[in-house]
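Residue numbers (my numbering), protein chains in the order written: chain S, 79 to 449; chain R, 12 to 452.
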């Protein structure tokens, strides 16, 4: 790094930013100072870029789906797949620009204030945010929500690795509670050009979850599995999300225990709902609706905000699945339970860990004293 | 014979430069250093420049307990007293004689003989990894007969012929406390299985299965208020020689290896040997190489002007990793780098040895990954990240709960190696232990 960016130099106030760009370009030539003389080639940049790659199929599919849903609403037929994609790409690109510009600006500024290197945590959060919001969300709202989530969800706690809640979900929660008109109902999930309204007869733009029972049931299994339904940009395609899950599980970045626990919990409550006659949605369909798949694979497994202990991960995962379906079944006000379930369990994750480590410690002491 | 304890967690770092099993050079260095590098020892100098010392003569004593001595590993004349900032004693340099003369020791009382010969300072007391206190009786003395550390000396090669000395050492120590010796479970014909008078344990697994701390946690974990002693196999052999001959003899085979080592092999020398005498192994340049007394995970970087550590039988030579690598983190292949993580492809090349350097491969970040990421390489019943964070926070109660009594920094060295957040975990633990020592004193 140039001398003027070092401590005491004229441009020291820029050193975190310069360092960020420098380390983005190449692995720095810093050597170990103490402790282990050699280090594994892995770093957070590598881990987090893999998460982005894992989410890429869902993002690409989501862009196509934005165009496809628009086509359906406008009654278009025979449009080329790339035209759909291009329409969606142009719709989603501004979301990405706003998400990264606002989030990274805050991240750079606060790293500078703390005098630390810029952490790459926002690479992932910034990639997720456009995928979990309605495509037609006004950009200024997104900017406000991102600023709120990054500042109050992350930087006040000390930045990446210290946060309690998942910043991407916090962005969505902020939008959800501040601008409910843009975040629920049947109009917000389809992208329109200025002045356009849906023309196709009998077309409904609502996500299946926002509909009443029978209509919801009418959405086919394969439509939901492949993802050709309205919804937030990246959440609709279960198959694209599963591709990402495979990568996350293979590299071990995300915990299979959380995923399995969440699915088991959702199936359990969904089944109880069936048996008790609360809902006629078959319990397995709950896994395909709304943001459940995206939340389970990408949001619940965030290593910072989930439980640290292996036993805790089971509890945390199962409770997320159960809470999600409970909210769906018993709270007509909120059609989607995944976001709230994960944020609530983020809050309780440290408590779960505290209990798990507490039991571990007392069990260990007992074992040691007996020995 | 005891059952084999199989440790599933761990990692053998595939670094190149394994020393060949031959002694390429046997030497008595022209100068030799006595460094007061014992944790817990406050040095008081007993010699001045120009004094004659025999092999085994006291050079430095502990201020608090004058019975504890550091002795000369070879006979000669005190050449220089090296001092650092605030006149801190760094080393006593001795110009060695051509023909060695030995001090003789009375070996009727084990503790007295160990103290007088200076071998006492090779005993490490746990918890905290400090110099052993002669006033206490430990609940056991633990010795690991093998090392799983990267490029470590093969103990069957270095000491396999010295079973008689080792047996003498075991017999002497057994008069103080029960001796536990761990054997390499993957080698059924270990020469050390012939030792008697001690409890034998067999361990099998990747590094750190050979670490005595890990072994203790599986044999008899250290509880609050208890203490155990550990020592290296080389120290045990030296104790055995003392009780067999009445003389101090620290000569040992030393493994010199590492990716930057030229013709890695063994040498026969003494602790305190200057690295200058080993220049042939790295070609003499002083820039761009790191000379480590010990292994690449826990050893001490001593530089080209340093000395072999008091209890080490390994020197590792690696390149300094000053090179910047363009877009290295995103390069999907990067076959020239080793990673235990699946997000690189080094798992495709089992058995390949990597030319590793000292590059950090990233920048320091807060802990991001979960316990399990680190527990994969730690075969102990503790939570490494919770323990490290308790140490960072200086929370003594939590440190106790998360098992600070059972670990030394070296046990978590692999956690530090695999950490994608590039934390100095060993340093965190060491600071935690310092705090415990201060608060408990």
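Ideal Cβ placement from N, Cα and C applies to all residues, glycine included.
The structure displayed is predicted, hence computed values, not measured ones.
Remark: three or more beta-carbon pairs, one from each stretch, lie closer than 8 angstroms, so the stretch 117 to 130 of chain R and the stretch 179 to 190 of chain R are flagged as touching. Within chain S, the residues placing a beta-carbon under 7 angstroms from that of residue 438/R are 112, 113, ordered along the chain. Buried is the label assigned to residue 140/S, since at least 16 other Cβ atoms lie within 10 Å of its Cβ.
Interface flag for residue 429/R against chain S is set, since a Cβ pair is found closer than 7 angstroms. Nearest to residue 397/R by alpha-carbon distance, out of 46/R, 106/R, 378/R, is 378/R. Annotation: residue 359/S to residue 352/S spans about 7 angstroms, alpha carbon to alpha carbon. When CB distances to chain R are screened at a threshold of 8 angstroms, the residues of the stretch 314 to 331 of chain S falling below it are 328, 329, 330, 331, in chain order. The beta-carbon separation of residue 315/R and residue 302/R, rounded to 6 angstroms, stays under the 8 angstroms limit for a contact. Membership of residue 210/R in any alpha helix (DSSP H) is not indicated; the residue belongs instead to the beta strand (DSSP E) covering 210 to 216. Here the stretch 185 to 205 of chain S makes contact with the stretch 227 to 247 of chain S; the two share three or more CB pairs at distances below 8 angstroms.
Following the DSSP letters along the chain, one finds residue 403/S inside the alpha helix (DSSP H) bounded by residues 388 to 408. Here residue 233/S has 184, 188 as same chain residues with Cβ atoms under 7 angstroms from its own Cβ, once five neighbours each way along the sequence are excluded. Under the Cβ distance rule, residue 352/R counts among the residues neighbouring chain S, one pair being separated by less than 7 angstroms. Not a single C-beta of chain S is nearer than 7 angstroms to the C-beta of residue 137/R. Here residue 221/R is actually not in contact with residue 153/R; their C-beta atoms are around 12 angstroms apart, not less than 8 angstroms.
DSSP places residue 118/S outside both helix and strand once states are collapsed to three, so it counts as coil. Taking the beta carbon of residue 191/R as reference, no residue of chain S falls within 8 angstroms; the closest one sits roughly 14 angstroms away.
For residue 240/R, the enclosing beta strand (DSSP E) has its first and last residue at 239 to 242.
Cβ atoms of residue 135/R and residue 18/R stay farther apart than 8 angstroms, at about 21 angstroms. Secondary structure at residue 368/R: strand, using DSSP grouped into helix, strand and coil.
Counting the other Cβ atoms within 10 Å of the Cβ of residue 356/R gives fewer than 16, which makes it exposed. In its chain, beyond the 5 residues on either side, 263, 324 have a beta carbon closer than 6 angstroms to the beta carbon of residue 245/R. When DSSP states are grouped into helix, strand and coil, residue 16/R belongs to the strand group. For residue 113/R, the beta-bridge partners assigned by DSSP are 66/R.
Pairwise C-beta distances place the stretch 99 to 115 of chain R in contact with the stretch 82 to 89 of chain R, as three or more of them are shorter than 8 angstroms. Neighbourhood of residue 367/R in chain S, by CB distance below 8 angstroms: 116, in chain order. Put simply, of 96/S, 94/S, 100/S, 115/S the residue whose alpha carbon is nearest the alpha carbon of residue 371/R is 115/S. DSSP, read as helix, strand or coil, puts residue 153/R in strand. Taking the C-beta atoms as reference points, residue 108/S is found no nearer than 7 angstroms to residue 369/R. Annotation for residue 277/R: the continuous beta strand (DSSP E) segment containing it runs 276 to 280.
The continuous stretches of alpha helix (DSSP H) do not include residue 338/R, and DSSP gives it neither H nor E. Within chain R, the C-beta atoms nearer than 9 angstroms to that of residue 197/S come from 374, 376, 377, 379, in chain order. For residue 89/R, no alpha helix (DSSP H) encloses it; the enclosing beta strand (DSSP E) starts and ends at 87 to 94. Under the three-state reduction of DSSP output, residue 198/R falls in the coil class, being neither helix nor strand. Annotation for residue 208/S: 170, 173, 174, 177, 311 place their beta carbon closer than 7 angstroms to its own, counting only its chain and skipping 5 residues before and after. By DSSP's assignment, residue 447/R forms no beta bridge with any residue.
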